Structure formats: structure tokens, C-alpha cells
Amino acid sequence: MELSPDVRCAVLMDSAGALVAASDNDSPRARRLADLAQELIEAADAAAPEPTEQIEARTEGGAVFAVRTVSHTLACVARRLALSALVLYDLRQTMLELERPA
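Residues are numbered in my numbering as their position in the sequence shown, beginning at 1, plus a constant of 8.
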């Protein structure tokens with residue numbers, strides 16, 4: 009959230025889709041966002057010949073972005089005019105930090 013001022017909320021899920029962390033303290037809302045992100049990823053996988061590492065979906069009201077690795081998915085909702093290249097870059101950088109060995 010600190011990297012992208014256009015990001016409204018974000019969730020981190022494990023490979024099974026379980027919620028690991030959320031920017032929102034509202035647990036039901038965070039769980040709902042994680043569930044919707046998982047549905048978006050499943051729909052993208054069904055439409056593509058290979059699983060995608062990043063996803064972008066836009067509506068009139070905003071955008072959803074997701075980046076995933078074998079072990080995690082990081083998804084966020086952003087303002088309508090968010091620059092996708094910047095948001096996706098920030099998500100990928102965050103994932104690199106999360107998955108870097110301790």
C-alpha cells in the first residue's frame with residue numbers, strides 16, 4: 009500500500025487460496041476480496057493455455073491486479089486511473105521481498 013498510492017486495499021493468499029494477510033482490518037471484507045481474487049484467477053486460468061503470473065481487470069469504478077508465484081498470490085484493488093505497469097511492478101517487487109529467503 010505504501011508503494012502505490014492508487015491501491016485501495018490488498019490481500020496476500022497462500023497457494024491454496026487461504027488468506028495470509030490483508031491491508032484491511034475488516035476480516036470479512038478481506039476474506040471476500042481474497043475469494044473474488046481467487047475466482048478471477050481461476051477464470052483467467054480457464055481462458056488461457058497456461059497459468060498466468062499476473063492479471064489485470066478493469067471496470068468503470070476501478071481495477072483489480074494480481075501477481076502470483078508458486079507459493080503466494082498478491083491481489084489488490086486500485087483506483088480507476090491507476091497505471092497498470094506501475095501497480096504490477098510494485099506487486100512483483102513486494103512478492104520478491106516476501107519470497108526472499110530469510
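All residues carry an ideal CB built from backbone N, CA and C; glycine is no exception.
Keep in mind it's a predicted model, so treat the numbers as computed, not measured.
#### Entry: Ala18 - DSSP class collapsed to helix/strand/coil
In the structure shown, the three-state DSSP call for Ala18 is strand.
### Task
Hey, could you find the ends of the beta strand (DSSP E) Thr81 is sitting in?
80–86
### Task
Rounded to whole angstroms, what's the CA-CA distance from Arg40 to Ala26? Just pull it up for me.
Ala26 has its alpha-carbon roughly 11 Å from the corresponding atom of Arg40.
### Query
Counting Cβ pairs closer than 8 Å, one from the stretch 26–36 and one from the stretch 46–64, do we hit at least three?
no
### Query
Which value, in whole angstroms, describes the spacing of the CA atoms of Leu44 and Val95?
Leu44 and Val95: Cα-Cα distance of roughly 19 Å.
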